[in-house]
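Take a look at the structure below.
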Amino acid sequence: MLHVVETGHRGTKGYRFSYLQESDDIKTEIQQLEDPNNPEPLIDLAFCRLYDHYFALGFDVELFNILQNKFGHAAVQAYLTKRQAGSSAFKAELSNINMLRDEACWNQFIADKERIFRNSLDLLNSYYDWWLLGIGKEKSEPEEQIEEFSILDHIDNTTLAEWNKFDALYPAISFALSYIINRHSGAEIISKIALTNLEDVPDMWGKDLWLQRRAMIACVQHDGLAFIVDNLNKIRYELIYYVLLKADTNPIELNQLRKAVLSEDEHPMWGMMESEHIIELMDKLAA
Numbered sequence: 263m264l265h266v267v268e269t270g271h272r273g274t275k276g277y278r279f280s281y282l283q284e285s286d287d288i289k290t291e292i293q294q295l296e297d298p299n300n301p302e303p304l305i306d307l308a309f310c311r312l313y314d315h316y317f318a319l320g321f322d323v324e325l326f327n328i329l330q331n332k333f334g335h336a337a338v339q340a341y342l343t344k345r346q347a348g349s350s351a352f353k354a355e356l357s358n359i360n361m362l363r364d365e366a367c368w369n370q371f372i373a374d375k376e377r378i379f380r381n382s383l384d385l386l387n388s389y390y391d392w393w394l395l396g397i398g399k400e401k402s403e404p405e406e407q408i409e410e411f412s413i414l415d416h417i418d419n420t421t422l423a424e425w426n427k428f429d430a431l432y433p434a435i436s437f438a439l440s441y442i443i444n445r446h447s448g449a450e451i452i453s454k455i456a457l458t459n460l461e462d463v464p465d466m467w468g469k470d471l472w473l474q475r476r477a478m479i480a481c482v483q484h485d486g487l488a489f490i491v492d493n494l495n496k497i498r499y500e501l502i503y504y505v506l507l508k509a510d511t512n513p514i515e516l517n518q519l520r521k522a523v524l525s526e527d528e529h530p531m532w533g534m535m536e537s538e539h540i541i542e543l544m545d546k547l548a549a
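Quick note on numbering: our numbering labels position 150 of the sequence shown as 412, and the sequence is numbered without any gaps.
The structure is reproduced here in structure tokens:
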């Protein structure tokens with residue numbers, strides 16, 4: 263993902279989730295998709311980007327038409343039907359095609375600010391407690407892993423039932439995060455999601471990590487790089503690198519972050535990057 267953001271290089275089909283997550287031009291990105299319904303979760307991600315676009319930039323029926331033309335009417339209807347069968351607070355909105363193609367319907371929905379805000383917070387707090395902190399999350403024993411997946415993974419101990427629950431709730435969680443970021447940018451839940459690293463293996467498509475990246479960008483947009491400086495010991499270097507690639511920065515903030523990174527004896531968040539990578543990137547940005 264960092265390679266895609268930094269270079270813009272379009273590699274194999276395996277990168278398509280990164281393209282859809284990170285592209286600034288989502289309309290062109292959707293139009294360029296090859297074999298869009300394989301794998302199936304691509305359409306979930308495309309709809310997540312569509313709702314985020316609607317919250318951030320306003321109603322845009324052209325984007326919905328592009329999405330429907332690319333994925334096809336049958337796939338879009340199947341997606342909406344799946345959302346109707348869900349149990350989230352936003353299943354009515356996520357299954358209503360009129361909300362995507364009728365501006366009056368969309369405006370009527372977003373006018374109910376109190377209900378949307380309350381339901382979004384409830385859903386995000388539930389996601390934070392359950393998926394990120396692991397409160398009430400079922401864990402599988404070794405023999406159960408072998409029975410479900412025919413393999414033993416000493417790292418991934420999340421049960422199949424919990425993965426299915428996550429997949430079913432994910433579009434609504436993303437929907438709620440988009441609303442809170444765009445309408446209540448100072449909400450505490452955004453920083454909680456940004457600063458909480460998964461204890462378990464992430465989703466294979468990186469959807470939960472994408473939520474964290476979006477939350478982190480929102481926090482930096484709200485508070486500047488001071489947010490990273492103040493919480494440096496909680497943030498992976500990879501995530502800092504990502505923010506530096508994506509967010510607008512200024513020389514003063516870059517210098518403050520540079521000093522903070524250099525002052526660390528040892529960064530407590532283990533990862534694939536070292537402080538040298540962050541310093542090198544900041545030097546490039548400041549040049």
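Backbone N, C-alpha and C define an ideal beta-carbon position, used for all residues, glycine too. All figures in this text were calculated on a predicted structure; none of them were measured in a lab.
CB contact flag (LEU395, ILE442, <8 Å): no
Cβ-based burial, MET466 [other Cβ within 10 Å; buried from 16]: exposed
CA-to-CA distance, GLU536 to ALA522, given in whole angstroms: 14 Å
Sub-8 Å separation of LEU264 and TYR503 beta-carbons: yes
Sufficient close CB pairs (3 or more, under 8 Å) joining the segment 328-341 to the segment 371-391: no
Residues sharing a beta bridge with THR205, DSSP: Because the chain spans 263 through 549 in this model, residue 205 falls outside it and cannot be assessed.
The segment 514-534 contacting the segment 489-500, beta-carbon criterion three pairs below 8 Å: yes
Residue span of the alpha helix (DSSP H) that contains ILE452, given as start and end: 450-457
Three-state class that DSSP yields for LEU356 in the structure shown: helix
Own chain, CB closer than 8 Å to PHE321, minus 5 neighbours either side, in chain order: GLU365, TRP368 and ASN369
Straight-line Cα distance separating ILE397 from HIS416: In this predicted model, HIS416 has a pLDDT of only 47, less than 50, meaning its place in the structure is not dependable; the value taken from the coordinates is given anyway. Their Cα atoms are separated by approximately 20 Å.
Distance between ALA354 and ARG345 (C-alpha atoms, nearest Å): 8 Å
MET534 (DSSP reduced to helix, strand or coil): coil
C-beta atoms of ALA509 and ILE479 nearer than 8 Å: yes
Burial state of GLU461, where buried means 16 or more other Cβ atoms lie within 10 Å: exposed
Proximity to ILE455 [Cα-Cα], best of ASN444, ASN358, THR420 and GLN474: GLN474
Minimum Cβ-Cβ distance from ARG476 to chain B less than 8 Å: Within the model displayed, chain B is absent; a lone protein chain is all it includes.
Contact belief for LEU312 with LEU282 at Cβ below 8 Å, rounded distance in angstroms: In fact, because the Cβ distance is near 11 Å, the residues do not count as touching under 8 Å.
Candidates GLU528, ALA488, MET531 and PRO301: closest to LEU217 by CA position: Nothing can be reported for residue 217: it is not among the residues displayed for the chain, which extend from 263 to 549.
Rounded separation between TYR389 and THR458 - CA only: 12 Å
Selected residue, minimal CA-CA separation from ASN512, among CYS481, ARG476 and LEU547: LEU547
Separation of ALA336 from SER244, as counted between CA atoms: An answer regarding residue 244 cannot be provided, because it is not within the stretch 263 to 549 covered by the chain.
Proximity below 8 Å, CB of LEU507 to CB of VAL266: no
Check whether ALA438 and SER382 have beta carbons under 8 Å apart: yes
Any alpha helix (DSSP H) of 4 or more consecutive residues that is wholly inside the segment 462-486: 469-485
Assigned exposure category for VAL505 - 16 Cβ within 10 Å defines buried: buried
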